[in-house]
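To keep things clear, I will list the structure first and then write my remarks on it.
Residue numbers (UniProt numbering): 1 to 673.
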């Protein structure tokens with residue numbers, strides 16, 4: 001297809017990548033795998049004690065490869081269609097076409113499925129046979145698996161994980177039913193076309209696994225299993241789309257990032273299971289020794305969450321509910337380190353206890369606690385949902401974090417301010433430093449937010465919160481007019497990843513344009529070029545704030561070295577090391593477009609926007625922005641901005657909105673349509 005005509009949401013290749021880690025993933029909020037991989041994972045099912053805890057490997061019945069042996073003249077294609085959330089493999093000869101489709105059902109989250117369809121050409125009459133290579137073995141290094149009786153034609157195994165994360169912690173049982181896979185399938189001479197469908201149902205109860213399997217069978221009988229999945233994806237895309245008139249690689253990158261991130265979020269409507277957050281490599285990854293064992297980091301709250309919140313507040317709430325359920329573990333983490341309140345773990349799994357295998361990060365990289373609270377604050381400012389805070393545990397978490405920060409600060413007589421000592425900043429090249437500017441600023445923001453919520457709820461604000469927020473040191477060099485990364489930082493020292501630049505966004509620490517520019521110019525040349533993939537997105541946002549669009553583009557272009565072909569899987573580091581399917585990098589990239597090009601900022605008083613488009617982008621459409629119950633569509637060109645209220649719910653009624661021009665104060669009421 002000619003450039004511009006190619007569908008940016010469909011990735012097709014005649015061959016697979018040589019590195020199997022870079023194969024496309026098919027996941028929903030509950031189940032996930034990489035195509036042609038022998039294991040799958042279940043949301044929240046971990047095995048192993050403390051630092052050894054990792055996603056439990058479950059043998060995958062969907063690991064099937066279609067072949068036609070002894071035929072040379074076959075055309076072969078592999079396609080990831082992000083619009084329908086489906087991976088397909090097509091073999092084509094002059095006589096027939098054989099298609100293998102694999103997907104994790106988006107709305108029926110306990111189901112994964114694949115189908116084989118053979119269709120003969122008009123002139124052909126011979127039978128057509130395809131071989132199925134299915135190396136499935138019902139064994140796992142993480143589960144004590146037992147065989148149960150067959151159910152409605154499906155084989156059945158079940159088993160518990162071997163070791164709990166902490167003593168007395170959960171050892172979940174996994175139940176799996178799957179359609180047996182034959183070695184070959186044949187389209188007989190008199191048949192023109194035929195499809196065979198294969199189901200896998202996984203759940204943590206026998207009843208749920210059987211119910212899901214039966215539901216899948218009913219949909220197969222009605223001929224609508226795949227179409228019900230594709231409809232769910234179509235609805236997902238209708239509610240959230242970023243499209244721009246610009247270069248094809250940029251549009252493909254956007255669709256790829258959105259597909260992999262949307263694959264990880266809970267479907268709309270009631271969940272029916274507890275959502276356990278999103279790890280840097282998603283559900284498809286996280287076996288022992290890879291992708292941080294499937295643990296949840298600040299990657300979720302800082303890098304992925306803002307994109308999800310802007311489109312799908314329900315899914316954002318599920319992420320916050322995961323953190324609320326982990327609060328007991330966080331309270332215990334703080335106690336064990338000698339502090340009050342709640343300290344969220346650097347790496348979290350099923351209990352909220354610290355499960356990082358290396359002690360230094362859990363002990364020192366404490367900014368994660370403020371990062372968690374910043375996600376709660378963004379939600380509070382965007383969604384009319386006081387219930388989460390008043391009744392569902394949100395306020396308890398907010399106040400516990402505020403108590404933690406106060407207990408973590410020490411008063412400096414010499415400087416007459418509070419210090420936070422002995423930390424590791426986001427820049428992990430440095431550790432045991434005092435007054436990391438990012439850590440202290442995020443602590444200050446936590447305390448200010450906690451005080452705001454208390455006032456809104458007419459709860460007395462502890463004086464300590466106000467005092468610590470006002471008097472915590474936020475390092476600043478008044479002579480050079482920039483923020484040193486920590487006490488004693490020398491300009492020019494190498495930095496691993498985005499750190500100080502995060503003060504401007506997402507922290508929105510008040511500063512002049514001059515200081516913002518100085519921070520960008522100070523840290524850009526000393527930041528590791530091949531470091532974590534989310535870094536350059538944040539430099540791009542900074543330059544877009546200053547309306548230096550070409551400088552911003554040069555930063556954003558660095559991200560493309562982390563995107564692999566043909567399925568647009570991100571790698572953490574540009575040399576291919578680190579986590580794969582790196583949702584953190586994708587989240588940063590999406591923020592550069594969603595908060596950079598548009599200038600969206602979530603504030604206490606409103607959703608601000610101040611666009612800046614680079615030369616090669618003429619217009620940008622952002623569909624499905626959620627704000628106080630309304631769904632908005634923004635159309636941004638170099639000349640004008642259009643805002644349309646696409647939906648404004650009646651029950652309960654959404655807040656009425658108006659657009660305000662900051663310079664003139666002019667107000668434009670926004671009504672539905």
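In this text, a Cβ means the ideal position worked out from N, Cα and C, and glycines have one as well.
Asked                                                                                                                                                                                    : Found
So residue 539 and residue 571 are in contact, right, with Cβ under 8 Å, and what is the actual spacing, rounded?                                                                        : Not confirmed; about 19 Å, so no contact.
Considering only residues of the same chain and omitting the five flanking positions on each side of residue 503, which have a CB-CB separation below 8 Å?                               : 437, 438, 441, 483, 509, 511 and 519
For the beta strand (DSSP E) holding residue 157, just list the boundary residues, first then last.                                                                                      : 154-161
With DSSP run on the structure shown, which of helix, strand or coil describes residue 116?                                                                                              : strand
Hey, how far is the Cα of residue 197 from the Cα of residue 11?                                                                                                                         : 24 Å
Starting from residue 203, follow its DSSP beta bridges and name the residues at the other end.                                                                                          : 175
Starting from residue 471, follow the alpha helix (DSSP H) in both directions and report where the run begins and ends.                                                                  : 463-471
Given residue 542, which residues of its chain have a CB within under 6 Å of its CB, disregarding the five upstream and five downstream residues?                                        : 501, 504 and 520
Kindly list the residues whose CB is nearer than 6 Å to the CB of residue 424, restricted to its own chain and excluding five residues on each side of it in sequence; keep chain order. : 364, 365 and 431
Between the Cα of residue 187 and the Cα atoms of 216, 96 and 284, which residue gives the shortest distance?                                                                            : 96
Kindly provide the ranges of any beta strand (DSSP E) runs that are 3 or more residues long and lie completely inside the stretch 191-239, ordered along the chain.                      : 193-203
CB-CB under 6 Å to residue 669, same chain, minus the five flanking residues each way: which ones, in chain order?                                                                       : 658
Which residue's Cα is closest to the Cα of residue 560: 545, 391 and 588?                                                                                                                : 588
Would you tell me roughly how many angstroms separate the C-alpha atoms of residue 490 and residue 522, rounded to the nearest one?                                                      : 11 Å
Taking the C-alpha atoms as reference points, what is the distance between residue 291 and residue 85?                                                                                   : 23 Å
For the stretch 8-86, list the beta strand (DSSP E) runs that are entirely contained and at least 3 residues long, ordered along the chain.                                              : 10-13, 25-27, 31-34, 39-42, 65-67 and 75-81
Determine the direct distance from the alpha carbon of residue 323 to that of residue 176, and round the result to whole angstroms.                                                      : 28 Å
Comparing C-alpha positions only, which one of 395, 428, 444 and 392 sits nearest to residue 417?                                                                                        : 444
Would residue 245 and residue 620 qualify as a contact pair, given that the criterion is a beta-carbon distance under 9 Å?                                                               : yes
Taking all protein chains shown into account, decide if residue 1 is buried (16 or more other Cβ within 10 angstroms of its Cβ) or exposed.                                              : Note that residue 1 scores 39 on pLDDT, short of 50, meaning its location in the model is unreliable; the coordinates nonetheless yield the value given after this. Under this definition residue 1 is an exposed residue.
Work out the CA separation of residue 56 and residue 261 for me, nearest whole Å.                                                                                                        : 21 Å
List the endpoints of the continuous beta strand (DSSP E) containing residue 148.                                                                                                        : 143-151
Measure the CB-CB distance between residue 116 and residue 228 and report whether it falls below 9 Å.                                                                                    : no
Pull up the distance between the alpha-carbon of residue 608 and that of residue 627, whole angstroms please.                                                                            : 11 Å
Assuming residue 678 contacts residue 531 under a Cβ cut-off of 8 Å, what Cβ separation, rounded to an integer in Å, is found between them?                                              : Since the first residue of the chain shown is 1 and the last is 673, residue 678 is not available in this structure.
So what's residue 553 in DSSP terms, helix, strand or just coil?                                                                                                                         : helix
How many Å lie between residue 579 and residue 629 at the Cα?                                                                                                                            : 35 Å
Under 8 Å by Cβ, that's how I've got residue 634 and residue 625 pegged, so tell me the actual separation to the nearest angstrom.                                                       : 6 Å
Could you give the distance in angstroms between the alpha-carbon of residue 27 and the alpha-carbon of residue 190?                                                                     : 37 Å
Just to confirm, are residue 379 and residue 317 a CB contact at a threshold of 9 Å?                                                                                                     : yes
According to DSSP, is residue 98 helix, strand or coil?                                                                                                                                  : strand
Among the residues of its own chain, which have a CB less than 6 Å from the CB of residue 48, if the five just before and after it don't count?                                          : 54 and 163
For residue 112, collect the residues of the same chain with a Cβ closer than 6 Å to its Cβ; drop the 5 residues on either side in sequence, then sort them by chain order.              : 31, 62, 104 and 200
Going straight from the alpha carbon of residue 132 to that of residue 60, what length do you get?                                                                                       : 15 Å
Can you tell me the Cα-Cα spacing of residue 546 and residue 332, whole angstroms?                                                                                                       : 43 Å
Considering only the alpha carbon of each residue, which of 106, 554 and 466 lies closest to residue 231?                                                                                : 106
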